[in-house]
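Heads up: the structure comes next, in C-alpha cells.
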Amino acid sequence: MSQLPDADSRERFTRRLEAFSDLVFGFSLSLLATRLDVPARVEDIFDSARWFAIIGTFALVCRFWLEHYRIFRHRFVAGMFDATVNFIFLFAIAVLPYSVQTLLRFGNYFPSFALYVCDGALILLTLSVLRVRGLRQRRGDQQVQDRLRDWRRSLLQGALTLFLGVLLFALQRHGGTVESGLRYWENYILGIFAGAMIGVRLVVRRLPAFLT
Numbered sequence: 001m002s003q004l005p006d007a008d009s010r011e012r013f014t015r016r017l018e019a020f021s022d023l024v025f026g027f028s029l030s031l032l033a034t035r036l037d038v039p040a041r042v043e044d045i046f047d048s049a050r051w052f053a054i055i056g057t058f059a060l061v062c063r064f065w066l067e068h069y070r071i072f073r074h075r076f077v078a079g080m081f082d083a084t085v086n087f088i089f090l091f092a093i094a095v096l097p098y099s100v101q102t103l104l105r106f107g108n109y110f111p112s113f114a115l116y117v118c119d120g121a122l123i124l125l126t127l128s129v130l131r132v133r134g135l136r137q138r139r140g141d142q143q144v145q146d147r148l149r150d151w152r153r154s155l156l157q158g159a160l161t162l163f164l165g166v167l168l169f170a171l172q173r174h175g176g177t178v179e180s181g182l183r184y185w186e187n188y189i190l191g192i193f194a195g196a197m198i199g200v201r202l203v204v205r206r207l208p209a210f211l212t
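Each residue of the sequence shown is one higher than the last, beginning at 1 in the numbering used here.
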C-alpha cells in the first residue's frame, strides 16, 4: 500500500495503528515481567539492582505509552511515513525486555549498556519525530500552551537523544568497563549535559513567538 486514498481511510488506518501499538505495549510489559527469573539463591530475591532495573523500565514503558497516546488523541492522522516511524518506535519498545535482560546479566560491560541506552535513545528519537509530525498537523490549533508544552518535550527528548549518543561515543573511545569510563569522563559528561540543557532553554524561550 503506497498511499491512503482519502481522509476516512487514513483515519481508519490511524485507529488501527494505535490499536496495534497498544498490543505491542502490552506484550512488552508482559515480557518485562518474565525477566524476574527465580534466583539461584534466596538472598537474591530482593536484589536491589534487579528490581530497580525492572521497575524503572516498567515505569518508562508506561510513560512512553502515555506520550504515544497524547500524540494520537489530538486528531493525529498517520501517513505512511508516520506509520514507518511508529513501527520503528514499536520495535524499540518490543526489544526493551531483551535489553533489560542483557543489562542485568552483563551490566558493567559496554555492549550490554550500549544496547540498553541505544534502545532508549531510539524510543526518544522516534517519539519526538511522531510528536513533531502531530504538531505540524495542529498548526491552526488555538491551544497554544498545549502546543508549547509538546514542543518543549520534543526538544528535550531530542537533546537527551543527542547526549546519550555522545555518552556512548565517549565510553566506546575509553574502553574498559562502563563504570571506569563514567568516572573518566564524568566532568566532560556533566559539562555537555549542562550545555545541551542551556541550548534547549534558549530555543524554548523563542517558541511562543514561533507558535503565534
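Heads up, the beta-carbon is just placed ideally off N, CA and C, and yes, glycines get one too.
query                                                                                                                   : result
Inter-residue spacing [alpha-carbon to alpha-carbon] between Leu182 and Arg139                                          : 42 Å
Three-state secondary structure (DSSP) of Val117                                                                        : helix
Inter-residue spacing [alpha-carbon to alpha-carbon] between Ser99 and Glu18                                            : 24 Å
The segment 88–99 in contact with the segment 120–140 per 3-pair CB rule at 8 Å                                         : yes
C-beta contact flag for Ala114 and Thr161 at 8 Å                                                                        : no
Neighbourhood of Thr212 by C-beta distance below 6 Å, restricted to the same chain and skipping five residues each side : Reliability fails at Thr212, whose pLDDT of 49 lies under 50, so the model's placement of it is uncertain and no value is given.
Alpha helix (DSSP H) segment containing Leu164, residue limits                                                          : 144–174
Cα-Cα separation, Leu31 to Ser9                                                                                         : 33 Å
Spatial neighbours of Val178 in its chain, beta-carbon cut-off 8 Å, leaving aside the 5 residues before and after       : Gly107, Asn108, Tyr109, Phe110, Phe113, Leu171
Cys62 versus Arg131, Asp22, Val117, residue with shortest Cα-Cα distance                                                : Asp22
Between the CA atoms of Asp37 and Met1 - distance to the nearest angstrom                                               : With a pLDDT of 46 at Met1, under the threshold of 50, the predicted position of this residue should be treated as unreliable, though the coordinate-derived value follows. The alpha-carbon atoms of Met1 and Asp37 are separated by roughly 42 Å.
For Ile55, the nearest candidate out of Pro97, Gly176, Val166, Asp146 (CA to CA)                                        : Pro97
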